Amino acid sequence: MPLDISIRELTDSGRPSVVSDPESRIAEIYCEIARKTAGRLSAQSKDYSSKFPKIVIENN
Numbered sequence: 493m494p495l496d497i498s499i500r501e502l503t504d505s506g507r508p509s510v511v512s513d514p515e516s517r518i519a520e521i522y523c524e525i526a527r528k529t530a531g532r533l534s535a536q537s538k539d540y541s542s543k544f545p546k547i548v549i550e551n552n
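In my numbering, the protein residues as written are 493 to 552.
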């Protein structure tokens with residue numbers, strides 16, 4: 493995460509850096525972090541086994 497006084501000032505005033513100046517270097521860094529995080533999360537395997545009941549078929 494970039495350290496810049498403008499991040500604190502904008503955040504304290506309720507204006508995110510990416511919204512206040514979307515073309516800035518800080519905004520680019522935050523967007524890149526968000527893209528990488530989203531990519532890694534989407535690549536994780538998903539376990540749906542607890543979402544569905546077990547189906548058992550018995551021959552009696």
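Glycine is no exception: its CB is placed at the ideal position from the N, C-alpha and C atoms. On a predicted model such as this, the values are computed, not experimentally measured, just so you know.
Nearest-angstrom beta carbon gap, residue j and residue i [assumed within contact, 8 Å]
i: Tyr522; j: Val511; result: With 8 Å as the limit, Tyr522 and Val511 do not qualify as a contact, their Cβ atoms being about 10 Å apart.
Residue i, DSSP secondary structure in three states
i: Tyr522; result: helix
i: Ser509; result: helix
i: Ser534; result: helix
i: Lys546; result: coil
Inter-residue Cα distance where the pair is residue i and residue j
i: Arg507; j: Lys538; result: 35 Å
i: Asp496; j: Val548; result: 59 Å
i: Thr529; j: Ser505; result: 26 Å
i: Ile518; j: Arg532; result: 21 Å
i: Ala526; j: Asn551; result: 52 Å
Opening and closing residue of the alpha helix (DSSP H) in which residue i lies
i: Glu501; result: 497-504
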